[in-house]
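Peer 1:
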Amino acid sequence: MISELDKKIIGLIQGDLPLETRPFASMAEIAGVNEDQFIRCVEDLRKRGVLRRFGATLSHYKSGFRANAMVAWIVPDERVDKVGRLFSSFKEVTHCYQRNAQNDWPYNLFTMVHGSSRDQCFRIAEKMADSACINEYILLFSEKEFKKTSMKYF
Amino acid sequence: MIDDTDKKILNEIQSFFPVASRPFLEIGMRLDLSEDEVLERIKRMKSNGIIRRIGGNFNSRGLNFTSTLCAAKVPEEKLDHFVEAVNRYPGVTHNYLRNHAYNVWFTFIAEDMAFIDSALRDISIETGVKEILNLPAVRTFKIKVDFAL
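Residue numbers (this note's numbering), protein chains in the order written: chain A, 7 to 160; chain B, 450 to 598.
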């Protein structure tokens, strides 16, 4: 279960780390515990799988990955398991999810692909398509960012 | 804009950021740099926007939250209003215009799906946009946010 202290700590580390010599000491002070307790609690959240990752989030664009495409695929249900694993093995794929097709949206496997250009994204998708013998897919490029933030849970 | 030392630091701090008393000292020890140099370089990359943020990323399900991906068909003249209505929700963390009839794609995190369903109904009523898909993941194969530089 998530304790009150967990919530306080999540509330602090979901934001931005202060760039100073002992950043966790300042956050610990706000949480009302000492630095050691704070660090142990963060490690504990990680062990429990609540904290997926602690670290830097980069601007894709500024780090050279100028194009990203959401590639959506139509994969027969009985092949989703294998194809999902196969696509996940591509280093250019950062996210891979199965979602249910619905209404006029027939695509059921989603991959985020990052590349240096749109052309490169097309080439990566083609390579993926060939490897899985799946030929029904589309690339949706982001044309404008309306919002990009991180979740504030508590 | 960034040199090899910066790249080494970035590769180190995406997934192996030390949660320790003197994290920048530890990074420096791994890379044979001084604590001050690590801190100064990270500050610079933060201010020029290469680093968006340093912090925790959570498994929303582990916190008893649920998440989904939504897509909507929004006509040009309703776009501003729709985006404003959607972005008002703090649980909407990413929202993009994409090249498809379903042109607005956003992620939504909330305590339960009932909240999200009801928010989507409210957004639809307020903006007149009727075609909104709610596409929760039924299976997660991969989430990998590191970029090897």
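Glycine is no exception: its CB is placed at the ideal position from the N, C-alpha and C atoms.
With distance defined between alpha-carbon atoms, name the residue in A:L11, A:R54 and A:T63 nearest to V39 of chain A.
Peer 2: Position 33 of the first sequence, counted from the first residue, corresponds to residue 39 of chain A. Of the candidates A:L11, A:R54 and A:T63, the one whose C-alpha sits nearest the C-alpha of V39 of chain A is A:L11.
Peer 1: Decide if G121 of chain A is buried, meaning its Cβ has at least 16 other Cβ atoms within 10 Å, or exposed.
Peer 2: Position 115 of the first sequence holds residue 121 of chain A. Label assigned to G121 of chain A: buried.
Peer 1: Between S9 of chain A and chain B, is there a C-beta pair that is closer than 8 Å?
Peer 2: Here residue 9 of chain A refers to the residue found at position 3 of the first sequence. Judged by the 8 Å Cβ criterion, S9 of chain A is not in contact with chain B.
Peer 1: If I follow the unbroken beta strand (DSSP E) through C139 of chain A, where does it start and stop?
Peer 2: Residue numbering aside, residue 139 of chain A sits at position 133 when the first sequence is read from its first letter. Premise fails: C139 of chain A is in no beta strand (DSSP E) and is neither H nor E.
Peer 1: At least one CB of chain A closer than 8 Å to the CB of G540 of chain B: is that the case?
Peer 2: Position 91 of the second sequence, counting from 1, holds the residue named residue 540 of chain B. Chain A, which has a Cβ nearer than 8 Å to the Cβ of G540 of chain B, makes this yes.
Peer 1: Applying the 10 Å Cβ sphere with the 16-neighbour rule, what's the burial state of Q108 of chain A?
Peer 2: On the first sequence, position 102 is the one that residue 108 of chain A refers to. Classification of Q108 of chain A: exposed, given that the 10 Å Cβ count is below 16.
Peer 1: Buried or exposed: which applies to C519 of chain B, given that a residue is buried once 16 or more other Cβ atoms fall within 10 Å of its Cβ?
Peer 2: Reading the second sequence from its first residue, position 70 is the one you call residue 519 of chain B. Label assigned to C519 of chain B: buried.
Peer 1: Return the Cβ separation of L546 of chain B and K53 of chain A in integer angstroms, given the expectation that the two are a contact with Cβ distance under 8 Å.
Peer 2: The count along the second sequence starts at 1 and reaches residue 546 of chain B at position 97. The count along the first sequence starts at 1 and reaches residue 53 of chain A at position 47. That pair is no contact at about 39 Å.
Peer 1: Taking C-beta pairs closer than 7 Å, name the residues in chain A that K591 of chain B reaches, listed in chain order.
Peer 2: What you label residue 591 of chain B is simply residue 142 of the second sequence in a count that begins at 1. Within 7 Å Cβ-Cβ: S94, V99, H101 and C102.
Peer 1: Please determine if the segment 565-583 of chain B and the segment 527-534 of chain B are in contact, where contact requires at least 3 C-beta pairs separated by less than 8 Å.
Peer 2: Yes, they touch.
Peer 1: Below 8 Å between beta carbons: does that hold for L64 of chain A and I500 of chain B?
Peer 2: Residue 64 of chain A sits at position 58 when you count from the first residue of the first sequence. Residue 500 of chain B sits at position 51 when you count from the first residue of the second sequence. Taking 8 Å as the Cβ cut-off, L64 of chain A and I500 of chain B qualify as a contacting pair.
Peer 1: First and last residue of the alpha helix (DSSP H) that includes S464 of chain B?
Peer 2: Stepping through the second sequence from its first residue, residue 464 of chain B is reached at position 15. S464 of chain B -> alpha helix (DSSP H) spans D453 to S464.
Peer 1: Between the segment 496-510 of chain B and the segment 10-30 of chain A, do three or more beta carbon pairs fall short of 8 Å?
Peer 2: With a cut-off of 8 Å, the segment 10-30 of chain A and the segment 496-510 of chain B count as touching, because enough Cβ pairs lie within range.
Peer 1: Taking the alpha carbon of F103 of chain A as the reference point, which residue from A:P82, A:D110 and A:S94 has its own alpha carbon closest?
Peer 2: As a first step, residue 103 of chain A must be located in the first sequence, where it is residue number 97. One point to set straight first is that residue 103 of chain A is Tyr, not Phe, in the sequence displayed. Comparing Cα-Cα distances from Y103 of chain A to each of A:P82, A:D110 and A:S94, the minimum goes to A:S94.
Peer 1: Is DSSP giving Q126 of chain A helix, strand or coil here?
Peer 2: As a first step, residue 126 of chain A must be located in the first sequence, where it is residue number 120. The answer is helix: DSSP assigns Q126 of chain A an H, G or I state.
Peer 1: V56 of chain A versus chain B: which residues are under 8 Å apart at the beta carbon?
Peer 2: Here the question's residue 56 of chain A lines up with position 50 in the first sequence. Here the neighbours are F507, N508, G511 and L512.
Peer 1: Under three-state DSSP, which class holds H66 of chain A?
Peer 2: Numbered from its first residue, the first sequence carries residue 66 of chain A at position 60. Coil, per DSSP.
Peer 1: Pairs of beta-carbons, one from the segment 478-493 of chain B and one from the segment 69-80 of chain A, closer than 8 Å: are there three or more?
Peer 2: Cβ pair count under 8 Å is below three, so no.
Peer 1: At 3 residues or longer, what runs of the beta strand (DSSP E) sit wholly inside the segment 78-134 of chain A?
Peer 2: 99-105 and 115-121, all fully within the segment 78-134 of chain A.
Peer 1: Taking the C-alpha atoms as reference points, what is the distance between M134 of chain A and K522 of chain B?
Peer 2: The residue labelled residue 134 of chain A in the question sits at position 128 within the first sequence. The residue labelled residue 522 of chain B in the question sits at position 73 within the second sequence. Their Cα atoms are separated by approximately 28 Å.
Peer 1: Going by Cα to Cα distance, which pick from B:N506, B:H530, B:S470 and B:E489 is closest to R46 of chain A?
Peer 2: Locating residue 46 of chain A in the first sequence gives position 40, where the first residue counts as 1. Selected option, being the one with the closest Cα: B:S470.
Peer 1: For the segment 131-152 of chain A, enumerate the residues whose C-beta is nearer than 9 Å to any C-beta of chain B, in chain order.
Peer 2: Correct list: I144, L145, L146, F147, S148, E149, K150, E151 and F152.
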